[in-house]
Structure formats: C-alpha cells, structure tokens
Amino acid sequence: MKRRNHSCLIITMMGTLFILIVVLYGTINSKQSETSGLKPDYRVMGRQLYKLDINWPKYPELFGGEVFGVAVNQYAGVVYVAQRGETVPKVLVFSTDGQFIQAWNTSTLEMPHGIFVADASNNPTVWITDVGNGPYGHSIKQYSSSGKLLQVLGTMGKAGSGVNPLQFDQPAEIFVHSSGEIYIVDGDGGMNNRLIKLSKDLDVVWMHGEKGQGLAQFYIPHSVTVDNYQRVWVADRGNNRIQVFNSVTGDWLGTWGSCFTEDAPYSVRLTPDQKYFVVVQLNANQITLLEAPPVGVIGQCQVFSVIQLPEDIKPHLVDLDLRTGALYVAEIGAQQAQKFTPFNLGTGIL
C-alpha cells in the first residue's frame with residue numbers, strides 16, 4: 001500500500017512539473033512575441049510561397065524608429081535596415097540568421113528612404129536615398145559596408161531639378177545594376193517626378209521627368225528594379241500603376257494598373273528566379289506576388305499570391321536575398337523589419 005501511494009505521489013509530482021513546464025514555456029513564448037512585435041497572424045490568398053520567420057531578428061527590441069527600407073548582401077549574409085527617428089541609429093545591421101552586427105550612428109543621414117547594396121560579391125557598398133529637408137537631405141549617399149561615407153550624389157540640403165550638376169528633391173530609391181549603371185526614381189512627393197539612368201561614370205544616359213498620368217509620365221515614382229531582359233520596372237505610386245521601360249534606350253514598353261485598383265504599389269523587386277515580382281501596398285497592408293512576363297511581352301499583370309498582413313503594419317519597401325530567396329520587408333507602422341522564407345529555402349529558387 002505504501003509502495004502504491006509512493007508511486008501515485010511520484011506520478012502526481014511529474015504531472016504537476018509537466019504542467020508547470022508547459023505554462024512556463026507558453027509564458028516565455030508569449031513574452032518573446034510581445035517583445036518582438038512580430039505577428040504571425042497573417043493570411044495568404046492564392047498559393048503560399050512564403051512563411052514568416054518569427055525568430056528574425058533575434059533582438060527585435062533594437063528597432064527604435066520607423067523602418068523605411070531594407071537591403072540584403074546575399075554573399076556576406078548581411079541585412080541593412082534603414083530607420084528614422086531623432087535618437088535612433090539610422091542603419092541597423094543584422095546577419096541573415098538574425099544576429100545583431102552593428103549600428104551606424106552616422107550624422108550624415110537625416111531621413112533615409114530607399115537603401116540598396118551594390119557590387120555585393122566584390123566590393124560591397126550601401127547606397128541610401130535621403131529625403132530630409134535639412135543640411136544633409138535631398139541627396140543619395142554611398143557608404144562602405146561599415147558605414148563610412150564615400151560619396152554623395154546631388155547637393156546635400158538643396159532641393160533641385162538640375163542634371164548638370166545633378167540635383168534631387170526627395171529621391172525615393174536607387175537601383176545599381178551589376179554593370180555599374182544606376183537607376184534612380186526622384187520624387188517622393190517633392191517637385192520632381194523623374195526616372196533617371198546614370199552610367200557607371202555618373203553621367204545621365206536618359207531620363208523621363210514629366211509629371212502626369214500619360215505614358216512615361218509619373219506622379220511620385222517610388223521604387224525601381226531591373227530584370228534580366230533589359231527592362232526597367234517603376235512603381236508609379238501616385239498613378240496606382242507600374243510602368244516598364246527599355247533599360248538601354250529608355251523607350252516606354254508598357255503599364256500595369258489593373259492589379260492596383262485599391263492601393264498603390266510602393267515597392268517592386270524580383271524573386272531570384274525572375275518568375276515573380278514582389279510588390280507591397282502600404283495602405284492595404286499587403287505583399288503581392290505578380291507573375292513576371294517573358295521577354296518581349298508585357299501584357300496585363302496577373303496576381304499569383306497575396307500575403308495579407310495585420311492592420312497598421314504599413315509595409316514600405318522590400319528586398320530579397322538572391323541566394324536563398326528570403327524576403328525582407330520594412331514596415332513603417334509596426335516599426336520593424338520582418339523576414340519571410342520560401343518553403344524550399346536554400347535552393348535560391350521559389
């Protein structure tokens with residue numbers, strides 16, 4: 001009888017211990033979720049290509065301002081996050097597995113907007129567009145991978161529309177091609193509404209610069225990318241459309257607008273396999289994947305999949321790891337960056 005009672009006591013104690021462990025584990029996970037602000041309660045419409053990595057980054061409390069842009073160096077396994085705020089570092093650097101590397105406490109950035117890693121495999125540098133109205137704004141700056149200012153495009157602190165010398169008014173984003181050629185969308189609400197192509201020697205090759213709703217006209221051009229078929233894709237935010245141009249000649253090739261009847265495209269990037277465009281719509285809190293057309297054909301946009309984020313996340317700009325296919329999203333409303341991984345992570349193909 002004593003032996004049976006002893007056995008029952010042990011079983012009871014083990015059961016109690018198990019319950020305590022479960023409760024403790026749930027509390028820790030809950031606290032981590034509350035601390036990180038990462039919300040897994042997103043919905044997917046269409047085929048699900050991505051899933052949220054709730055463990056990236058490992059120290060989300062380091063975000064202290066409004067997160068506007070992200071840029072990935074797939075060769076170094078590094079993610080640069082641009083944020084705004086009076087007392088926060090303007091750039092946070094994380095590894096692709098979520099470790100915090102460093103912060104740039106640079107005084108040469110006022111209001112970062114777009115961010116891009118150029119020449120990632122050889123001599124990586126980080127380009128940042130600055131839309132501030134103070135002494136460092138209205139310019140595009142090139143930094144070393146550790147945050148040292150290397151050069152400035154435009155005249156810091158002076159808004160303008162000139163091309164010789166080159167001037168900007170709230171430049172939204174920059175895309176540096178592997179050839180060294182540079183594409184800039186200049187006009188995050190300022191006087192300019194321009195798409196500019198520069199040679200690797202920083203000479204103007206061609207430009208479209210008229211405000212309007214017509215072909216090759218813009219209203220708040222906000223994001224730009226280049227595909228493998230000599231086509232430039234521009235998120236023409238104010239006109240609720242994406243416009244397409246020949247990267248060599250600058251000729252207009254087509255327009256996509258039917259996919260953006262409810263909200264404008266804010267960011268446009270291509271998946272590593274060039275099969276899909278990743279487009280974010282800030283006010284709709286959506287990440288949309290559009291089917292990329294084959295060479296020579298623009299046609300109409302076709303929605304393949306939509307990631308519906310919780311309300312007030314406000315996704316702004318995105319970037320992709322071209323080696324793994326991982327998607328990084330800068331979110332103004334949530335004041336965070338999030339990582340989404342493809343289901344066959346590691347192949348570089350979605």
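Residue numbers (the UniProt record's numbering): 1 to 350. Backbone N, C-alpha and C fix where the C-beta goes; we use that ideal spot for every residue, glycine too. For clarity, every value in this text was computed on a predicted model and none was experimentally measured.
(1) From TRP206 to ILE128, what distance separates their C-alpha atoms?
(2) Using the Cβ count rule (16 or more neighbours within 10 Å means buried), how would you classify GLN300?
(3) DSSP puts residue 353 in a beta bridge; with which residues?
(4) Check whether the Cβ of LYS58 sits closer than 8 Å to any heavy atom of the ligand ADP, and report yes or no.
(5) Identify the continuous beta strand (DSSP E) that holds ILE287 and give its terminal residues.
(6) Excluding the 5 residues flanking ASP169 on each side, which residues of the same chain have their C-beta closer than 8 Å to its C-beta?
(7) Spatial neighbours of PHE175 within its chain, please: C-beta separation below 7 Å, excluding the five flanking residues on both sides.
(8) Would SER267 pass as a contact of PRO221 if the rule is Cβ separation under 9 Å?
(9) Look at THR155 and GLN167 and say whether their C-beta atoms are less than 9 Å apart.
(10) DSSP on LEU92, reduced to helix/strand/coil?
(11) Excluding the five sequence neighbours on either side, which residues of its own chain have a C-beta within less than 8 Å of the C-beta of ASP312, listed in chain order?
(12) Let me know the alpha helix (DSSP H) ranges lying completely inside the stretch 34-85, each 4 residues or longer, listed in chain order.
(13) Would you kindly work out how many angstroms separate the C-alpha atoms of VAL131 and GLN151, rounded to a whole number?
(14) How many Å lie between THR249 and HIS208 at the Cα?
(15) TYR136 bridges to which residues according to DSSP?
(16) Which residue's Cα is closest to the Cα of LEU93: HIS113, ARG269 and VAL70?
(17) Does the distance from the C-beta atom of residue 416 to that of THR288 stay below 9 Å?
(18) Looking at ASN239: is its Cβ nearer than 9 Å to the Cβ of GLY257?
(19) Among all the DSSP beta bridges, which residues are the ones paired with residue 365?
(20) For GLN308 and ARG47, what's the separation of their Cα atoms in angstroms?
(21) Using the three-state DSSP reduction, which class does GLY238 fall into: helix, strand or coil?
(22) Can you have a look at LYS339 and say buried or exposed, based on whether 16 or more other CB atoms are within 10 angstroms of its CB?
(23) Residues bridged to GLN243 by DSSP?
(24) Roughly how many angstroms lie between the CA atoms of VAL78 and ASP319, to the nearest whole one?
(25) Can you list, in chain order, the residues of its chain whose CB lies under 6 Å from that of GLN243, leaving out five sequence neighbours each side?
(26) Would you grab the beta carbon distance between GLY65 and GLY85 for me? Rounded to a whole angstrom, and I think it's under 8 Å.
(27) How many angstroms separate the CA atom of GLN32 from the CA atom of ALA103?
(28) Less than 7 Å between C-beta atoms, sequence neighbours within five positions excluded: which residues of the same chain meet that for ASP321?
(29) Can you tell me whether ALA292 is buried or exposed, with buried defined as 16 or more other CB within 10 angstroms of its CB?
(30) Under the DSSP definition of a beta bridge, which residues are partnered with GLN215?
(31) Going by C-alpha to C-alpha distance, which of MET45, GLN281 and MET111 sits closest to THR261?
(32) Mind checking which residues open and close the beta strand (DSSP E) that includes ILE196?
(33) Among the candidates LYS58, GLN274 and TYR328, whose CA atom is the shortest distance from the CA of TYR229?
(34) Is the separation between the beta-carbon of LEU317 and that of GLU110 shorter than 9 Å?
Let me spell this out:
(1) The residue given as residue 206 occupies position 206 in the sequence shown. The residue given as residue 128 occupies position 128 in the sequence shown. Each residue's Cα considered, the two are about 22 Å apart.
(2) As a first step, residue 300 must be located in the sequence shown, where it is residue number 300. It is exposed - the Cβ of GLN300 has fewer than 16 other Cβ atoms within 10 Å.
(3) An answer regarding residue 353 cannot be provided, because it is not within the stretch 1 to 350 covered by the chain.
(4) This structure lacks the ligand ADP, and indeed carries no ligand of any kind.
(5) The sequence position of residue 287 within the sequence shown is 287, counting from 1. 286-291 is the extent of the beta strand (DSSP E) around ILE287.
(6) Residue mapping note: residue 169 aligns to position 169 of the sequence shown, counting from 1. Hits under 8 Å: HIS138, ALA159, GLY160, SER161, ASP186, GLY187, GLY190, MET191 and ASN192.
(7) Mapped onto the sequence shown, residue 175 falls at position 175. A distance below 7 Å between beta-carbons, with the five flanking residues on each side excluded, links PHE175 to the following residues of its chain, in chain order: PHE116, TYR183, VAL224, THR225 and VAL226.
(8) Counting from 1 along the sequence shown, the entry for residue 267 is found at position 267. Counting from 1 along the sequence shown, the entry for residue 221 is found at position 221. Against a cut-off of 9 Å, the Cβ pair of PRO221 and SER267 comes out as no contact.
(9) The residue you call residue 155 lines up with position 155 of the sequence shown. The residue you call residue 167 lines up with position 167 of the sequence shown. Their beta carbons are under 9 Å apart, which means THR155 touches GLN167 by this criterion.
(10) Reading the sequence shown from its first residue, position 92 is the one you call residue 92. In the structure shown, LEU92 sits in a strand (DSSP, three-state: E or B).
(11) Against the sequence shown, residue 312 aligns to sequence position 312. Cβ neighbours of ASP312 within its own chain (closer than 8 Å, five residues either side excluded): ASN285, GLY333 and ALA334.
(12) Complete alpha helix (DSSP H) runs here, min 4: none at all.
(13) Here residue 131 refers to the residue found at position 131 when the sequence shown is read from its first residue. Here residue 151 refers to the residue found at position 151 when the sequence shown is read from its first residue. Per the coordinates, the alpha-carbon of VAL131 lies some 17 Å from the alpha-carbon of GLN151.
(14) Residue 249 sits at position 249 when you count from the first residue of the sequence shown. Residue 208 sits at position 208 when you count from the first residue of the sequence shown. So the alpha carbons of these two residues sit roughly 11 Å apart.
(15) Counted from its first residue, the sequence shown places residue 136 at position 136. BP columns for TYR136 are empty, so no partner.
(16) Position 93 of the sequence shown holds residue 93. Per the sequence shown, residue 93 should be read as Val rather than Leu. Cα-wise, what sits closest to VAL93 is VAL70.
(17) Here the chain covers residues 1 to 350 and nothing more, so residue 416 does not appear.
(18) Here residue 239 corresponds to residue number 239 of the sequence shown, with the count starting at 1. Here residue 257 corresponds to residue number 257 of the sequence shown, with the count starting at 1. In this structure, GLY257 lies closer than 9 Å to ASN239 by Cβ.
(19) Because residue 365 is not part of the residues shown, which for the chain are 1 to 350, the question remains open.
(20) Residue mapping note: residue 308 aligns to position 308 of the sequence shown, counting from 1. Residue mapping note: residue 47 aligns to position 47 of the sequence shown, counting from 1. Pairing GLN308 with ARG47, the inter-Cα distance amounts to about 13 Å.
(21) Counting from one through the sequence shown, the residue named residue 238 turns up at place 238. Three-state DSSP puts GLY238 in a helix.
(22) Position 339 of the sequence shown, counted from the start, is the residue given in the question as residue 339. LYS339 should be labelled buried.
(23) As a position in the sequence shown, residue 243 is number 243, starting the count at 1. According to DSSP, GLN243 bridges with VAL234 and THR255.
(24) The sequence position of residue 78 within the sequence shown is 78, counting from 1. The sequence position of residue 319 within the sequence shown is 319, counting from 1. C-alpha of VAL78 to C-alpha of ASP319: approximately 12 Å in a straight line.
(25) Position 243 of the sequence shown, counting from 1, holds the residue named residue 243. Excluding sequence neighbours, GLN243 sits near VAL234, ASP236 and THR255.
(26) The residue given as residue 65 occupies position 65 in the sequence shown. The residue given as residue 85 occupies position 85 in the sequence shown. Sure, about 3 Å apart at Cβ, within 8 Å.
(27) Stepping through the sequence shown from its first residue, residue 32 is reached at position 32. Stepping through the sequence shown from its first residue, residue 103 is reached at position 103. Note on GLN32: pLDDT 39, under 50, position unreliable in the model; the coordinate value appears next. Between GLN32 and ALA103, the C-alpha separation is close to 22 Å.
(28) Your numbering for residue 321 matches position 321 in the sequence shown. Answer for ASP321: VAL72, GLN74 and THR96, listed in chain order.
(29) The sequence position of residue 292 within the sequence shown is 292, counting from 1. Per the 10 Å Cβ criterion, buried.
(30) The count along the sequence shown starts at 1 and reaches residue 215 at position 215. Rather than Gln, the amino acid found at residue 215 in this sequence is Leu. None; LEU215 has no bridge partner.
(31) The count along the sequence shown starts at 1 and reaches residue 261 at position 261. THR261 has its Cα closest to that of GLN281, out of MET45, GLN281 and MET111.
(32) For the purposes of this step, residue 196 is identified with residue 196 of the sequence shown, where counting begins at 1. Counting along the chain, ILE196 sits inside the beta strand (DSSP E) bounded by residues 194-198.
(33) Position 229 of the sequence shown, counted from the first residue, corresponds to residue 229. Per the C-alpha coordinates, the member of LYS58, GLN274 and TYR328 positioned closest to TYR229 is GLN274.
(34) In the sequence shown, residue 317 corresponds to position 317, counting from 1. In the sequence shown, residue 110 corresponds to position 110, counting from 1. Contact flag unset, no.
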